[in-house]
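Protein chains in written order, with my numbering: chain W, 46 to 199; chain S, 46 to 199.
Every residue, glycine too, gets a C-beta built ideally from N, C-alpha and C.
Everything on this sheet refers to the single structure shown next.
Number of protein chains: 2
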Amino acid sequence: MKTRTAAKPNAASALLLDQQLCFALYSANLAMHKVYRPLLGELGLTYPQYLVLLVLWEQDAQTVSAIGERLFLDSATLTPLLKRLEAAGLLTRTRAVEDERQVIIALTAEGRQLRQRAQSIPQAVFCAAACTTGELRTIKTELEKLRDNLARQE
Amino acid sequence: MKTRTAAKPNAASALLLDQQLCFALYSANLAMHKVYRPLLGELGLTYPQYLVLLVLWEQDAQTVSAIGERLFLDSATLTPLLKRLEAAGLLTRTRAVEDERQVIIALTAEGRQLRQRAQSIPQAVFCAAACTTGELRTIKTELEKLRDNLARQE
DNA sequence: GCATATTAGATAGCGTGCTATTTATTTGCA
DNA sequence: TGCAAATAAATAGCACGCTATCTAATATGC
């Protein structure tokens, strides 16, 4: 006599907030962001800026669109973000000589050095998430638990 | 001889983009948003606005903070959002008589009627996600698959 | 060879989502 | 009673993330 929340949803029950995977995803993402914010704040970074640096730490000197493909973001989002990182002295933006439509994003020495200070972040987030690695659950249950664990850190 | 991506991460490998649960979550959320945007656009709604309506369709006439607790959002986010929904004629904002610090958010007839037009959305998203209900995977694998399925719809 | 199409990136304008602060109201306690 | 503390919502200012559009550079085709 268990309630089976995901089985054969009708149109009405499908509109219940707690039925929605998307909301579990949305709220888990917000909660994750709240954990990252203070950690990255110490480095003077926002979360999307941190993602750009992760990409560049793996492979330096990429075009705007290559970074965008990796992060699923486009130039309208990346251009101002990259300008802020340039203003912070973490990277340079230079037109490619072989194709002047392209802008090459490359780390500065300061941008490379920031990697050391970022080393502790994944572990800190892992602790905040309070999940063990091998767990197997449905994605919705996992996301809700993650969300609640993260929210508890505040 | 399998690669065990989640086992005993060291500080360096933990900074790899694809190692990060947070990025799976972030990118899956972006992808989900991209699926919702055109569906909700037909109703003249954004995704957070839709979430507010989901909450009100379940229980009408709630305070701003009650809605915020349900959605994990605060008044700085909700106030302008609710004003836009008010301007669209979907809800009313009235000070509570018993405690004038509170603002009661209540659906208009138009706001209630919109529920019918929203009935088809969960099924449409479910199709876009292309997931079967009973799957059991690690959350990271699930999110990545979800993200890629969603991205394929574009 | 020159017009057209395509591509890469930038820009404009909008709607979140946040922190920090402000205002108005209510509560609580000396 | 009176006044400080707490509470609810609003506001200011910032950074995404989007669509739509624009500019500049390159590729294509007759």
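If the five residues before and after ILE166 of chain S are omitted, its C-beta is found closer than 6 Å to the C-beta atoms of LEU84, all from its own chain and listed in chain order. Under a criterion of Cβ atoms nearer than 8 Å, the residues of chain W adjacent to ARG160 of chain S are, in order, LEU60. Pairing VAL100 of chain W with LEU62 of chain S, the inter-Cα distance amounts to about 7 Å.
Here LEU66 of chain W is not near ASP105 of chain W, since their CB atoms are 8 Å or more apart. With a 10 Å radius around the Cβ and a threshold of 16 neighbouring Cβ atoms, GLN107 of chain S comes out buried.
Within the model, the alpha-carbon separation for ARG157 of chain S versus GLU155 of chain W is close to 55 Å. Listed in chain order, the positions of the stretch 88 to 103 of chain S with a beta carbon within less than 7 Å of a beta carbon of chain W are LEU96, LEU99, VAL100, TRP102, GLU103.
Pairing GLU145 of chain W with GLU114 of chain W, the inter-Cα distance amounts to about 20 Å. Shown here for PRO93 of chain S: same chain residues with a beta carbon closer than 8 Å to its own, the five before and five after excluded, namely LEU116, LEU118, THR122, LEU126 in chain order. Annotation: Cβ neighbours of SER72 of chain S in chain W (cutoff 8 Å, chain order): LEU116, PHE117. One alpha carbon belongs to TYR71 of chain W, the other to ALA141 of chain W, and they sit about 38 Å apart. For VAL170 of chain W, the neighbours in chain S by C-beta distance under 9 Å run, in chain order, GLN65, LEU66, CYS67. Taking the CA atoms as reference points, LEU98 of chain S sits about 23 Å from ALA73 of chain S. Nearest neighbour of SER110 of chain W by Cα position, chosen from W:ARG160, W:SER120, W:LEU130, turns out to be W:SER120. A distance of 8 Å or more separates the beta carbons of GLU131 of chain S and THR124 of chain S.
A Cβ of chain S is located within less than 8 Å of the beta carbon of GLN164 of chain W. Apart from the 5 residues on each side of it in sequence, LEU159 of chain W sits with its Cβ closer than 7 Å to the Cβ of LEU88, LEU98, LEU135 in its chain, given in chain order.
For ARG138 of chain W, the enclosing beta strand (DSSP E) covers residues 136 to 140.
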